[in-house]
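Heads up: the sequence shown at position 383 corresponds to 383 in my numbering, and the numbers run straight through without jumps.
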Amino acid sequence: MASSKDDKAREAALQYHRFPRPGKTEYVPTKPFSSPEDLALAYSPGVAYPCLEIKDDSEKAYLYTNKGNTVAVISNGTAVLGLGDIGAQAAKPVMEGKSLLFKIFAGLDAVDIEINETDPQKVVDVVKAIAPSFGGINLEDIKAPECFEIEQKLVGQCGIPVMHDDQHGTATIVAAAMINACYLQKKELEDLRLVVNGAGAAAIACTNLLLALGVRRSNVVMCDSKGVISEARKDLNPQKAEYATLDTSLHTLADAMKDADAFLGLSVADVVTPEMLRSMADKPIVFALANPNPEIARDVALAARPDLIYATGRSDYPNQINNVLGFPYIFRGALDSRASVINEQMKLAAAEAIAELAREDVPEDVRALYPDEKLAFGREYILPKPFDHRLLQKVAPAVVRAAEQSGVAAREIPDLKGYGENLGNYVNCTDRHIAEFIANACSK
């Protein structure tokens, strides 16, 4: 039975989405439109001139249209948050929300597009067909294993960066958190014994990026709902088979956890026990990212292992693994450098920049947004907070640099310091009116 608190939260959310007008985003003109002369330039006959320029040179779309600042947020609604396969139309509030985050954190205009199609090839065909309208494509909430096929077919074929955020956005933030957790726990990445519970899109992508960061493949044990993924099993898809362990003596999650340095959970609630944590190595790292309830509750985990560093996907606990720390700035840098893809080097650069920012002193204006928290690098602060305005100025330039160095950038930005500083001039990532609006709506 729903609690009074749940009822209030539901009503607040529904009011927020409905009033003062339905939805969370809108489109606004960026050019004058108040005279006949303005309209003649905006549409016929003036619009013909940029059309002809772009016809002769497609790159001029970046000069005369909003292409270079626009991202498509695309989903077919098959794996929406913790709600599952709810369909394309029911996924729209989430995609609108993602579009809002692109705008408020990185100044990018995002358009949500919900595709009523589950066949992977048909999804690929639709996205490729509409790609010329956008500077980048953010795939969202598409279930595994179809998401692997869809992204793999789109990357490199659209001429613009494509990223499935559930995979690579999560991986980037996990990598940043792991860098700092290892630093604090005095563990070396190449020696880290890692257990991954879950073998879906996010788990595979996180593990891939951690290997790129320096974790050894031989030190990784991955588990799914049937236990340890080993070469003895015959039920593995290609993605799982890549992480099949040679050690056939390991069968259960409990077996895998013995002497492990780190646990990464992207699975279901309450599958990790205190006994499993007590069997881990000294100073363990536990990222329990199942939502809304983690693989082991925070208070239970800390009681079992006071020496651990613990993170979840929840905003009400310290160390939230939150994709908003990465995807707006990865796309900002990718679009500004006109990168053809978002590659591993760019994701690693973003992770390193995010981790580095958490080790810096936090300015007072950021502290003021979190008055009840102690924001200082340590076991309960291994990642910056989402409303830390420095993320844009630090992460986007790192992504640009990586795009240039890896040879995927079509545009060079010589003054990266100045570029980063200027980004902060036109992005307002705070809205103090939201809380007031929700409170007023719920009081009616």
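Even glycine gets a Cβ: it sits at the ideal position worked out from N, Cα and C.
Same chain, Cβ closer than 7 Å to Arg-217, neighbours up to 5 away in sequence not counted = Residue 217 sits at position 217 when you count from the first residue of the sequence shown. Around Arg-217: Leu-211.
request  = Just tell me which of Lys-186, Thr-65, Ala-175 has its CA closest to the CA of Glu-352.
outcome  = Taking the sequence shown and counting its residues from 1, one reaches residue 352 at position 352. The shortest C-alpha separation from Glu-352 is found at Ala-175.
ask   = Can you tell me where the alpha helix (DSSP H) with Leu-236 in it begins and where it stops?
value = Walking along the sequence shown from the start, residue 236 turns up at place 236. Counting along the chain, Leu-236 falls outside any alpha helix (DSSP H), and DSSP gives it neither H nor E.
Inter-residue spacing [alpha-carbon to alpha-carbon] between Met-276 and Ala-297 = Translated into the one-based positions of the sequence shown, residue 276 becomes position 276. Translated into the one-based positions of the sequence shown, residue 297 becomes position 297. Going by the C-alpha atoms only, they are around 13 Å apart.
message = For a test of the three-state rule: what should DSSP assign to Ile-330, helix, strand or coil?
response = On the sequence shown, residue 330 is found 330 positions in, with the first residue counted as 1. The answer is helix: DSSP assigns Ile-330 an H, G or I state.
key: Among Tyr-64, Ile-229, Val-73, the one whose alpha carbon lies nearest that of Thr-248   = Locating residue 248 in the sequence shown gives position 248, where the first residue counts as 1. The candidate whose alpha carbon is nearest that of Thr-248 is Ile-229.
Sub-8 Å separation of Cys-147 and Ala-201 beta-carbons = In the sequence shown, counting from the first residue as 1, residue 147 sits at position 147. In the sequence shown, counting from the first residue as 1, residue 201 sits at position 201. Closer than 8 Å, so yes.
key: Helix, strand or coil at Asp-316 according to DSSP, with G and I counted as helix   = Along the sequence shown, read from residue 1 onward, the residue named residue 316 stands at position 316. Correct three-state label for Asp-316: coil.
query = Bridge partners of Ile-285, per DSSP?
reply = For the purposes of this step, residue 285 is identified with residue 285 of the sequence shown, where counting begins at 1. Ile-285 pairs with Ala-262, Ile-309.
query = When DSSP labels each residue in this structure, what does Ser-75 get in the three-state scheme?
reply = Stepping through the sequence shown from its first residue, residue 75 is reached at position 75. Looking at Ser-75 - three-state DSSP - the assignment turns out to be strand.
Reduced DSSP secondary structure (H/G/I, E/B, other) of Asp-109 = By 1-based counting over the sequence shown, the position of residue 109 is 109. Asp-109 falls in the strand class under three-state DSSP.
message = Give me the residue from Gly-156, Leu-192, Glu-11, Arg-332 with the minimum Cα distance to Lys-103.
response = For the purposes of this step, residue 103 is identified with residue 103 of the sequence shown, where counting begins at 1. If we check each option's Cα against that of Lys-103, Arg-332 comes out closest.
ask   = Given Gly-82, which residues of its chain have a CB within under 7 Å of its CB, disregarding the five upstream and five downstream residues?
value = Walking along the sequence shown from the start, residue 82 turns up at place 82. Excluding sequence neighbours, Gly-82 sits near Asn-291, Pro-292.
Cα-Cα separation between Ile-137 and Gln-405, rounded to whole angstroms = For the purposes of this step, residue 137 is taken as residue 137 along the sequence shown, with counting starting at 1. For the purposes of this step, residue 405 is taken as residue 405 along the sequence shown, with counting starting at 1. Ile-137 and Gln-405: Cα-Cα distance of roughly 22 Å.
task = Using three-state DSSP, classify Ala-212 as helix, strand or coil.
result = Walking along the sequence shown from the start, residue 212 turns up at place 212. Three-state DSSP puts Ala-212 in a helix.
Within the stretch 155-229, ranges of the alpha helix (DSSP H) (whole runs, at least 4 residues) = 165-185, 201-213
query = How many Å lie between Ala-72 and Ala-244 at the Cα?
reply = Counted from its first residue, the sequence shown places residue 72 at position 72. Counted from its first residue, the sequence shown places residue 244 at position 244. Roughly 35 Å separates the two Cα atoms.
task = Ignore the nearest five residues each way along the sequence and tell me which others in Pro-93's own chain have a CB closer than 7 Å to its CB.
result = For this step, residue 93 is matched to residue 93 along the sequence shown. Contacts found: His-17.
task = Can you give me the start and stop residues for the beta strand (DSSP E) that Asn-138 sits inside?
result = Numbered from 1 along the sequence shown, position 138 holds the residue referred to as residue 138. Where Asn-138 is concerned, the enclosing beta strand (DSSP E) stretches over 136-139.
message = Pairs of beta-carbons, one from the stretch 113-131 and one from the stretch 151-165, closer than 8 Å: are there three or more?
response = yes
task = Mind the definition here: the stretch 97-111 touches the stretch 48-61 only if three or more C-beta pairs lie below 8 Å; say whether that holds.
result = no
query = Between Asn-237 and the rest of its own chain, which residues show a CB-CB distance below 7 Å, the 5 nearest in sequence each way excluded?
reply = Taking the sequence shown and counting its residues from 1, the one referred to as residue 237 is at position 237. Pro-145, listed in sequence order.
Contact set for Ala-435: own chain, Cβ-Cβ below 7 Å, skip 5 residues either direction = Counting from 1 along the sequence shown, the entry for residue 435 is found at position 435. Reliability of the predicted coordinates at Ala-435 is poor, the pLDDT of 42 falling under 50, and no value is obtained from them.
inquiry  = If I follow the unbroken alpha helix (DSSP H) through Val-127, where does it start and stop?
reply    = Along the sequence shown, read from residue 1 onward, the residue named residue 127 stands at position 127. Counting along the chain, the alpha helix (DSSP H) containing Val-127 begins and ends at 120-130.
Whole-angstrom C-beta distance between Tyr-317 and Val-286, which should lie under 8 Å = Taking the sequence shown and counting its residues from 1, the one referred to as residue 286 is at position 286. Taking the sequence shown and counting its residues from 1, the one referred to as residue 317 is at position 317. That belief does not hold up - the Cβ atoms of Val-286 and Tyr-317 are roughly 12 Å apart, past 8 Å.
inquiry  = I'd like to know whether the C-beta atoms of Pro-284 and Arg-305 end up nearer to each other than 8 Å.
reply    = In the sequence shown, counting from the first residue as 1, residue 284 sits at position 284. In the sequence shown, counting from the first residue as 1, residue 305 sits at position 305. Contact: yes.
8 Å CB neighbourhood of Gln-89 in its chain, flanking five on each side removed = Here residue 89 is taken as the residue at index 89 of the sequence shown, counted from 1. The answer, listed in chain order, is Gly-77, Glu-114, Asn-116.
query = Whose C-beta lies closer than 6 Å to the C-beta of Asp-259 among residues of the same chain, with five residues either side of it excluded?
reply = Against the sequence shown, residue 259 aligns to sequence position 259. Around Asp-259: Ala-281.
task = Would you grab the beta carbon distance between Pro-384 and Leu-357 for me? Rounded to a whole angstrom, and I think it's under 8 Å.
result = Taking the sequence shown and counting its residues from 1, the one referred to as residue 384 is at position 384. Taking the sequence shown and counting its residues from 1, the one referred to as residue 357 is at position 357. Between Leu-357 and Pro-384 the Cβ distance is about 5 Å, and since that is below 8 Å, they are a contact.
inquiry  = Which complete beta strand (DSSP E) runs does the stretch 5-87 hold, if anything under 3 residues is left out?
reply    = 70-75
ask   = For Ala-40, which residues of its own chain have a beta-carbon under 8 Å away from its beta-carbon, when the five flanking residues on both sides are left out?
value = As a first step, residue 40 is located in the sequence shown; it is residue number 40 there, counting from the start. Excluding residues within five positions, the ones whose Cβ falls inside 8 Å are Gly-46.
request  = For Ala-269, name the three-state secondary structure that DSSP assigns.
outcome  = Translated into the one-based positions of the sequence shown, residue 269 becomes position 269. Coil at Ala-269, not helix or strand.
message = Going by the DSSP bridge assignment, what does Tyr-381 pair with across the sheet?
response = Taking the first residue of the sequence shown as 1, we reach residue 381 at position 381. The partner list for Tyr-381 (beta bridge, DSSP) reads Gly-378.
query = Whose C-beta lies closer than 7 Å to the C-beta of Ala-350 among residues of the same chain, with five residues either side of it excluded?
reply = What you label residue 350 is simply residue 350 of the sequence shown in a count that begins at 1. The residues are Thr-172, Gly-326, Tyr-329, Ile-330, Val-395, Ala-398, Val-399.
DSSP three-state assignment for Glu-114, whether helix, strand or coil = In the sequence shown, the residue the question calls residue 114 occupies position 114. In this structure, Glu-114 counts as strand in the three-state DSSP scheme.
query = From Lys-240, Gln-320, Ile-150, Thr-273, pick the residue whose C-alpha is nearest to that of Leu-302; which is it?
reply = As a working note, residue 302 is residue 302 in the sequence shown. If we check each option's Cα against that of Leu-302, Thr-273 comes out closest.
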